[in-house]
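Written below as structure tokens is the structure these notes are about.
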Amino acid sequence: MSQLIQLAANGQASIVADTWTRVVPPAAGEESVRKQAGKVVLFKLTGEQTYTAEQIANTEIPATGKILVPLTIWQARKAELQSRLPTGELGIILATNETAEALQAEFADLNSLPLIAVFVERFADGRIFTLGNWLRTRFGFKNELRAIGDVLRDQLFFHKRAGFDSFLIRADRSAEDALASLNDFSQPYQGGVADVPVWRRISRA
Amino acid sequence: MYKYDPIDQQIVNERVAQYRDQTRRYLAGELTDEEYRPLRLQNGLYIQRHAPMLRIAVPYGLISSKQLRKLGDITKQYDRGYGHFSTRQNLQLNWPKLEDTPDILAELATVEMHAIQTSGNCIRNITTDQFAGIAPDEIIDPRAVAEIMRQWSTFHPEFALLPRKFKIAVSGTEKDRAIVQAHDIGLEFYKDDQGQMAIKVWVGGGLGRTPILGTVIREHLEWQHVLSYCEAVIRVYNIHGRRDNAYKARIKILVKALGIEEFKRQVEEEWAHFKDGPLTITQNELDRVAKYFEPMPYKDLPAHDASFDAAVASNPAFAAWVKRCVQPHRVPGYRAVTLSLKPHGKAPGDITSEQMHVVADLADAYSFGELRSSHEQNLILADVQLSDLFTVWQKAHAAGLATPNIGLLTDIICCPGGDFCSLANAKSIPIAEAIQMQFDNLDYLHEIGDLELNISGCMNACGHHHVGHIGILGVDKDGSEWYQVTVGGKQGNDASIGSVIGPSFSAEEMPGVVQRLIEVYVRERQDEERFIDTVRRLGVAPFKAHVYAEKETA
Ligand code: SF4
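Protein chains in written order, with the working numbering: chain A, 337 to 541; chain B, 783 to 1336.
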């Protein structure tokens, strides 16, 4: 059974088959694990791992079909991936420690990508919400925006309001059960990416 | 005060249903501890030493008699017959059962209450001055904006999982009573030279392990933009705040690392993208909310009352209470009354179920059915007529709520500490009780005068020890409980962080240490000097000398 929940344009959620293949770099060898220590991005000492050159080189990329590729892999292996873009077969994964600006630098028109996924390693990492917001509002991304990684039902309502319209539920949890949480609240107070604060939405006189 | 409309009610009802299901899944083993943790915390539920602790929100400290009665009933039915007012104006239950918490929340929802975001790494209950709306020195009543902010922050989709907790305080008085400088964001309301309501924004203050007073990030913010501006601040923090080390995750650390200028640049740049968007508060919405905070239907009263004056003149106990527990009011013939939750020898901030009912009755009979809780952990009847004060005193006295010690040494701010809190290094309540007993002589207490003594059981500083004139902090030395003492901290516009006087003390030594500090003050004070003034004039040295001299000869 698929783990992927998708929102239709009318807001209706359903579980759909995942037509994308996620490209995952091979595990790093013991010695080559490097923490991103130091101020790569100013004051972002959060200890996330970056892929080594070896990992990037050894990543297997399927020759056909729709592929979802980490931004770092795209950056290093653009030449071989380029041709997949016009055919609508390329989607990009942004990690929560990466920036929307870095993505924009690669794709002047973000809407040339049919899918952007934001990968959250731990569900408690709320940066994913700001990234969703930015991609939708500041960067005007209109196509599918997917939450992947440690995606659990109790955060889905927030993901949805932060601009995500598909959610790949963590493999050991039921996507069926998670559907219910998308409608936890019927009339939220504040605006979200697609909606205005309640006092602009309805009359509260 | 604010009253729920169907939208507000639906949100708390849906929250109860959501939390009930989350708790069911946790108890059924479908959610791990780690997964349930942020969910329960965002509903104020801690797992503590002996039992869970449930923190119920009292938004900006305003509570109705009906709500307080309900709390009285809840503490009786689900707890051990008492509750504890915290330094963030909320009410804590120390002994609820985890399985009961959904039912408790359902009960709360019937009186327009909840426990939403009273803990967790999200925007917490917004706090303010307990005398908002009635203080003679108030320039702007900030409560309508505070309520608008409460709604905006409730289940904010982007800020549900911040690097760390986020506290906002608002104040609109000349004399700051909300310690806005010790909050992640502090909003100081004032009238600008156009006569418009404007806000001075402080950022990056906080107590805890690294106490820092906030810095002004914007001198003048139009009230219409308060949500968008706060959103910009928190967004920058959400992205750049540290997530690898909980002790370095507060916004104050980020502001310090970047420097206020760079932080401000990032905030302003972010803000420019959406400043005039849908978050701009409309006059309509402000008016809708503000009508709940209009002045009470006061009577036209003379500024003096003969029966009151006579009672003060003839009854020294009443006079002492009036001196300490009765505060000025902007309307002639009215006063605010502080009911002390600090009787000597009891845990500061505790109140029994029966007392809650007494207080609710007092509010109904004498103060328009409303109450406030203060960050000093007392309760306030905000609108009492002069002619009723004597009766209020008698009834409060009979219920043990009239200790005339407000603002005095025994009006101790104290966190739950090692008796309840699993983070504690040391107990705090027994220290407070011992100090109260040491100074149980009311005449002596009054002679010492204004003094704020704050106690925290650990670095997290829930008891605001850094800003106490005397601050006491529980520390752990080789597994035993010790206490570090600071003097010279202060809240208010001229806030300061206290300085440590020297090596720490055992629990038994503490009443004596405070006694020595007071001896130095009494010996050295000039004219009308308060304790804090003497400390500021002389510095720590004479206090240190006396305390440790005694220690060596002892
Ligand atoms: S200061 Fe420490 S001991 Fe006291 S309540 Fe806060 S966390 Fe617990």
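In this text, a Cβ means the ideal position worked out from N, Cα and C, and glycines have one as well.
Fair warning: this is a prediction, and the values are worked out from it, not measured in the lab.
Quiz item: CB-CB under 6 Å to Gly-854(B), same chain, minus the five flanking residues each way: which ones, in chain order?
Solution: Ser-1135, Met-1138, His-1139
Quiz item: Do Ala-914(B) and ligand 1 come close, with the Cβ less than 8 Å from some heavy atom?
Solution: no
Self-check item: Nearest candidate by alpha-carbon position, reference Thr-355(A), set Thr-435(A), Pro-450(A), Asp-445(A), Ala-444(A)
Solution: Pro-450(A)
Quiz prompt | For Cys-1197(B), three-class secondary structure by DSSP | solution = coil
Quiz prompt | Chain-ordered neighbours of Trp-934(B) on chain D, where CB pairs are closer than 8 Å | solution = Absent here is chain D; the protein component of the structure consists of chains A and B.
Quiz item: Mind checking if Ala-541(A) is an interface residue toward chain B, Cβ cutoff 9 Å exclusive?
Solution: yes
Self-check item: Cα-Cα separation, Ala-888(B) to Ser-448(A)
Solution: 49 Å
Quiz item: Leu-404(A): which of Tyr-387(A), Gly-427(A), Ala-393(A), Asn-433(A) sits nearest, CA to CA?
Solution: Gly-427(A)
Practice problem: Could you tell me if the beta carbon of Gly-401(A) falls within a distance shorter than 8 Å of some heavy atom in ligand 1? | Solution: no
Quiz item: Taking the runs of the beta strand (DSSP E) that are 3 residues or longer, which of them lie wholly in the stretch 995-1078 of chain B?
Solution: 997-1004
Quiz prompt | Among Pro-1130(B), Gly-1270(B), Lys-1034(B), Ala-1093(B), the one whose alpha carbon lies nearest that of Glu-1215(B) | solution = Cα-wise, what sits closest to Glu-1215(B) is Pro-1130(B).
Exercise. Scan the stretch 1168-1196 of chain B for residues whose Cβ lies nearer than 9 Å to a Cβ of chain A and list them as they occur along the chain.
Key: none
Quiz item: Nearest CA to the CA of Ser-847(B): which residue from Thr-997(B), Glu-1306(B), Gly-1151(B), Gln-1048(B)?
Solution: Gly-1151(B)
Quiz item: Cβ-heavy atom distance between Pro-834(B) and ligand 1 below 8 Å?
Solution: no
Quiz item: How would you label Leu-944(B), buried or exposed, when you count the other beta carbons within 10 angstroms and need 16 or more for buried?
Solution: buried
Quiz item: Sorry if obvious, but does the Cβ on Pro-1198(B) come closer than 8 Å to a heavy atom of ligand 1?
Solution: yes
Exercise. Give me the Cα-Cα distance between Ala-810(B) and Asp-490(A), rounded to the nearest whole angstrom.
Key: 16 Å
Quiz item: Given that a residue counts as buried once 16 or more other Cβ atoms are within 10 Å of its Cβ, and exposed if not, what is Ile-308(A)?
Solution: Only positions 337 to 541 of chain A appear in the structure, and residue 308(A) is not among them; the question remains open.
Quiz item: Does any CB atom of chain B fall closer than 9 Å to the CB of Asp-490(A)?
Solution: At least one chain B Cβ lies under 9 Å of Asp-490(A).
Quiz item: Since Phe-493(A) is in the alpha helix (DSSP H), which residue starts that stretch and which ends it?
Solution: Element bounds for Phe-493(A): 489-497.
Self-check item: Contact set between Met-806(B) and chain A, taken where Cβ atoms lie within less than 8 Å
Solution: Correcting the residue type first, residue 806(B) is Arg in the shown sequence and not Met. Result: empty, since nearest Cβ-Cβ is about 12 Å, beyond 8 Å.
Quiz item: Should Val-1174(B) and Leu-1161(B) be called a contact, given that it needs their Cβ atoms to be closer than 9 Å?
Solution: Note that the C-beta distance between Val-1174(B) and Leu-1161(B) is not below 9 Å.
Quiz prompt | Nearest candidate by alpha-carbon position, reference Asp-911(B), set Gln-804(B), Gln-791(B), Arg-870(B), Leu-880(B) | solution = For Asp-911(B), the closest alpha carbon among the candidates Gln-804(B), Gln-791(B), Arg-870(B), Leu-880(B) is that of Arg-870(B).
Quiz item: Cβ-heavy atom distance between Cys-1012(B) and ligand 3 below 8 Å?
Solution: Only ligand 1 can be found as ligands here, which leaves ligand 3 out of the picture.
Quiz item: Where do the N-terminal and C-terminal ends of the alpha helix (DSSP H) with Tyr-860(B) fall, by residue?
Solution: 847-860
Quiz item: DSSP on Asp-354(A), reduced to helix/strand/coil?
Solution: DSSP places Asp-354(A) in coil when its eight states are reduced to three.
Quiz item: Along chain A, in chain order, which residues have C-beta atoms closer than 7 Å to that of Pro-820(B)?
Solution: Neighbours of Pro-820(B) on chain A, chain order: Ala-460.
Quiz item: Along the chain, where does the alpha helix (DSSP H) that runs through Ala-799(B) open and close?
Solution: Segment 788-809, the alpha helix (DSSP H) holding Ala-799(B).
Quiz item: Measuring CB to CB, does Val-456(A) end up less than 9 Å from Ala-483(A)?
Solution: yes
Self-check item: Separation of Phe-1100(B) from Tyr-1116(B), as counted between CA atoms
Solution: 17 Å
Self-check item: Chain-ordered chain B contacts of Ala-349(A) [CB-CB under 7 Å]
Solution: Per Cβ cutoff of 7 Å: no residues; Ala-349(A) is ~16 Å from chain B at best.
Practice problem: Could you name the residues of the same chain whose beta carbon sits closer than 6 Å to that of Arg-1000(B), not counting the 5 residues immediately before and after it, in chain order? | Solution: Here the set comprises Val-983.
Exercise. Compile a chain-ordered list of the residues in the stretch 1021-1050 of chain B whose CB is closer than 7 Å to at least one CB of chain A.
Key: Ile-1021, His-1022, Arg-1024, Arg-1025, Asp-1026, Leu-1036, Ala-1039, Leu-1040
Self-check item: Proximal residues of chain A, C-beta to C-beta of Phe-941(B) below 8 Å
Solution: Within 8 Å Cβ-Cβ: Gly-462, Phe-465.
Quiz prompt | Closest Cα partner of Gly-1182(B) within the set Glu-1013(B), Lys-1128(B), Val-1317(B), Arg-1298(B) | solution = Closest by alpha carbon: Lys-1128(B).
Quiz item: Heavy atom of ligand 1 less than 8 Å from the Cβ of Leu-1205(B), yes or no?
Solution: Between ligand 1 and Leu-1205(B), a heavy atom-to-CB distance of less than 8 Å is present.
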